[in-house]
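Enquirer:
In UniProt numbering, the protein residues as written are 1 to 209.
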């Protein structure tokens, strides 16, 4: 199991290389207009064109996913309302992507998302997916419940307004993803590294779809 190999609370220093690549972003939730003390949700973005195994091992990228989800789910609001995913394939050559992924990496990646977090996936947006990714996703969806299938959406680069309409009131959305909100990932990374949190150990619980 992945979580038996890695600490239950991952320090930023252990994923600093992956943080700086920009492959992953964690978009924070906006404050609820009805309750200014309450954040609505969070969104994890995978910028797949920035996947570079020479800059950072695949395993560390996957470890970073856990680090960011840990940060997102530190609040009860996010645990309750869920985490969204945007998987951005713009600029990706599928043959190159497939050439750097090993079966071991794929198995480990799946293990990252099973039985690991006290939250639910509220939406998965797959942006500019190559045909092989579409085919694989369509095949997998056949084995999912209708409820889960309805949370997975493909979107073309020209239709970013669909993402904006979904997230406009709950998640900070940068211009590159169809939003208008200011977003500085480099500054966010500096904050993670500067303020290394002392997080309590917690037992893994099921990630609910």
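Ideal Cβ placement from N, Cα and C applies to all residues, glycine included.
Quantities reported herein were computed from a predicted structural model and do not represent experimental measurements.
Would you kindly work out how many angstroms separate the C-alpha atoms of residue 10 and residue 66, rounded to a whole number?
Expert: In the chain shown, residue 10 corresponds to position 10, counting from 1. In the chain shown, residue 66 corresponds to position 66, counting from 1. About 8 Å.
Enquirer: Hey, would you say residue 21 sits closer than 9 Å to residue 55, going by beta carbons?
Expert: As a position in the chain shown, residue 21 is number 21, starting the count at 1. As a position in the chain shown, residue 55 is number 55, starting the count at 1. Yes. Within cutoff.
Enquirer: Tell me the rounded alpha-carbon separation between residue 152 and residue 24.
Expert: Here residue 152 is taken as the residue at index 152 of the chain shown, counted from 1. Here residue 24 is taken as the residue at index 24 of the chain shown, counted from 1. Approximately 19 Å between the Cα atoms of the pair.
Enquirer: Please work out which residues of its chain come closer than 8 Å, Cβ to Cβ, to residue 89, disregarding the five sequence neighbours upstream and downstream, and give them in chain order.
Expert: In the chain shown, the residue the question calls residue 89 occupies position 89. Cβ neighbours of residue 89 beyond the five flanking positions: 48, 49, 126, 127, 128, 129, 130, 133.
Enquirer: Roughly how many whole angstroms lie between the Cα atoms of residue 71 and residue 147?
Expert: As a working mapping, residue 71 is identified with position 71 in the chain shown. As a working mapping, residue 147 is identified with position 147 in the chain shown. One C-alpha to the other measures close to 26 Å.
Enquirer: Relative to the alpha-carbon of residue 64, which residue among 26, 86, 187 has its alpha-carbon at the smallest distance?
Expert: Locating residue 64 in the chain shown gives position 64, where the first residue counts as 1. For residue 64, the nearest C-alpha among the options comes from 26.
Enquirer: So, with DSSP's three-state summary, where would you put residue 58?
Expert: Counted from its first residue, the chain shown places residue 58 at position 58. In this structure, residue 58 counts as helix in the three-state DSSP scheme.
Enquirer: Taking the alpha-carbon positions, what's the residue 135 to residue 168 distance?
Expert: Your numbering for residue 135 matches position 135 in the chain shown. Your numbering for residue 168 matches position 168 in the chain shown. Spanning the two alpha carbons is a distance of roughly 29 Å.
Enquirer: Using the rule of at least 16 other Cβ atoms within 10 Å of the residue's Cβ for burial, across every protein chain shown, is residue 166 buried or exposed?
Expert: Looking up residue 166 in the chain shown gives position 166. So residue 166 counts as buried.
Enquirer: Rounded to a whole number of angstroms, what is the C-alpha to C-alpha distance between residue 68 and residue 186?
Expert: By one-based count along the chain shown, residue 68 stands at place 68. By one-based count along the chain shown, residue 186 stands at place 186. Going from the Cα of residue 68 to the Cα of residue 186 covers about 14 Å.
Enquirer: Return the CA-CA distance between residue 170 and residue 42, expressed in angstroms with no decimal places.
Expert: Numbered from its first residue, the chain shown carries residue 170 at position 170. Numbered from its first residue, the chain shown carries residue 42 at position 42. Those two C-alpha atoms are separated by around 8 Å.
Enquirer: What residues are listed by DSSP as bridge partners for residue 179?
Expert: As a first step, residue 179 must be located in the chain shown, where it is residue number 179. DSSP, once it has assigned bridges, lists no residue as partnering residue 179.
Enquirer: Here's the rule: buried if 16 or more other CB atoms are within 10 angstroms of the residue's CB, otherwise exposed. What is residue 156?
Expert: Residue numbering aside, residue 156 sits at position 156 when the chain shown is read from its first letter. Classification for residue 156: exposed.
Enquirer: If you run the structure through DSSP and keep just helix, strand and coil, what is residue 22?
Expert: Position 22 of the chain shown, counting from 1, holds the residue named residue 22. DSSP places residue 22 in coil when its eight states are reduced to three.
Enquirer: Does chain D have any CB closer than 9 Å to the CB of residue 17?
Expert: Annotation note: the requested chain D is absent from the structure, which comprises a single protein chain.
Enquirer: In whole angstroms, what separates the C-alpha of residue 193 from that of residue 13?
Expert: Within the chain shown, numbered from 1, the residue matching residue 193 stands at position 193. Within the chain shown, numbered from 1, the residue matching residue 13 stands at position 13. Those two C-alpha atoms are separated by around 6 Å.
Enquirer: Which residues mark the beginning and the end of the beta strand (DSSP E) in which residue 153 is found?
Expert: Position 153 of the chain shown, counting from 1, holds the residue named residue 153. From DSSP, the beta strand (DSSP E) with residue 153 extends over 152-155.
Enquirer: To which residues does DSSP link residue 88 through a beta bridge?
Expert: Residue 88 sits at position 88 when you count from the first residue of the chain shown. Beta-bridge pairing links residue 88 to 47, 127.
Enquirer: Should residue 139 and residue 86 be called a contact, given that it needs their Cβ atoms to be closer than 9 Å?
Expert: Locating residue 139 in the chain shown gives position 139, counting from the first residue. Locating residue 86 in the chain shown gives position 86, counting from the first residue. No. Outside cutoff.
Enquirer: What would DSSP say about residue 83, mapped onto helix, strand or coil?
Expert: Residue numbering aside, residue 83 sits at position 83 when the chain shown is read from its first letter. Looking at residue 83 - three-state DSSP - the assignment turns out to be strand.
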